[in-house]
Amino acid sequence: MSDDIVRFINDHQLNKPILIGHSMGGKVVMQTALVRPDLVSQLIVDDMVPVKFGLAHDFSAYVRKLLEIERSNIVSQKDADKMLSQAEPDLSIRQFLLTNMKKTQNTMENGSKGSYKSRIPLQLLGDSLGNVMDWVGSDKKYNGPTLFIGGRRSPYVKPESYPAMKRYFPNYELCTFDTGHWVHAEMPREFMQLVEDFINNHEMK
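So in this note's numbering, spot 113 of the sequence shown is number 113, and the numbers just go up one at a time.
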């Protein structure tokens with residue numbers, strides 16, 4: 001997936017963009033910065049670290065429930081949220097997860113307009129969950145400004161991972177919030193303010 005990001009940057013002739021990623025996306029942007037540091041001006045990693053470990057959340061439950069929403073031809077966001085609540089009690093996280101669903105323009109047998117379908121290949125994602133927390137070590141480093149954002153109630157950004165963070169990203173900063181794994185969804189305003197401040201501070205240097 002890091003190859004896809006490199007290709008996208010080159011194809012669109014982007015001049016040293018800032019990369020930001022959450023969870024598996026965090027691993028992808030970290031790997032991209034290590035492989036092609038010349039393409040990346042700043043790196044922001046949301047609740048993930050450069051360490052290999054197993055899934056600490058039952059992401060498969062989310063995938064199964066989103067697939068159920070898709071296959072049930074649900075036309076109401078309220079009904080989709082109600083179904084997803086069986087897998088996730090937190091409203092802010094459900095709202096974030098439901099951004100993966102898009103209402104189609106098809107007409108249902110009962111005359112209702114538009115059912116919710118996934119923007120992403122859910123089955124492929126579900127089949128690949130066993131590999132999403134992998135990490136291939138290397139001797140490469142990214143020396144650019146790097147921000148790690150962690151949720152204090154999440155199992156990922158912990159002191160035991162700090163040496164690996166320092167090894168690969170020697171100029172990293174760390175900020176944590178009183179959230180779980182979905183930092184940007186649980187505290188969106190604070191998250192955005194932190195990201196904006198970090199970008200502005202390092203753009204001025």
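Built from N, CA and C at the ideal position, the CB exists for glycine as well.
Please report the distance separating the alpha-carbon of L14 from that of I149.
Along the sequence shown, one-based indexing puts residue 14 at 14. Along the sequence shown, one-based indexing puts residue 149 at 149. Cα-Cα distance, rounded: 25 Å.
Count the CB pairs spanning the stretch 161 to 171 and the stretch 30 to 50 that are closer than 8 Å, and state whether there are at least three.
yes
Proximity winner among Q95, F53 and D139, relative to Y62 (alpha-carbon distances)
Here residue 62 refers to the residue found at position 62 of the sequence shown. Y62 has its Cα closest to that of Q95, out of Q95, F53 and D139.
Per DSSP, what are the beta-bridge partners of E173 in this structure?
Along the sequence shown, one-based indexing puts residue 173 at 173. Looking at the DSSP assignment, E173 forms a beta bridge with L147.
Span of the alpha helix (DSSP H) holding D46?
One-based indexing of the sequence shown puts residue 46 at position 46. No alpha helix (DSSP H) holds D46; the beta strand (DSSP E) holding it covers Q42 to D46.
Compute the Euclidean distance between the alpha carbons of P159 and A185, then round it to the nearest angstrom.
The residue labelled residue 159 in the question sits at position 159 within the sequence shown. The residue labelled residue 185 in the question sits at position 185 within the sequence shown. Approximately 23 Å, taken between the alpha carbons.
Work out the CA separation of M83 and V75 for me, nearest whole Å.
Within the sequence shown, the letter at position 75 stands for residue 75. Within the sequence shown, the letter at position 83 stands for residue 83. Approximately 12 Å between the Cα atoms of the pair.
May I ask which residues mark the beginning and end of the beta strand (DSSP E) holding G21?
Along the sequence shown, one-based indexing puts residue 21 at 21. Counting along the chain, the beta strand (DSSP E) containing G21 begins and ends at I18 to H22.
Just list the alpha helix (DSSP H) runs in the stretch 52 to 103, keeping only unbroken ones of 4 residues or longer that don't cross its boundaries, in chain order.
59 to 71, 77 to 84 and 91 to 97
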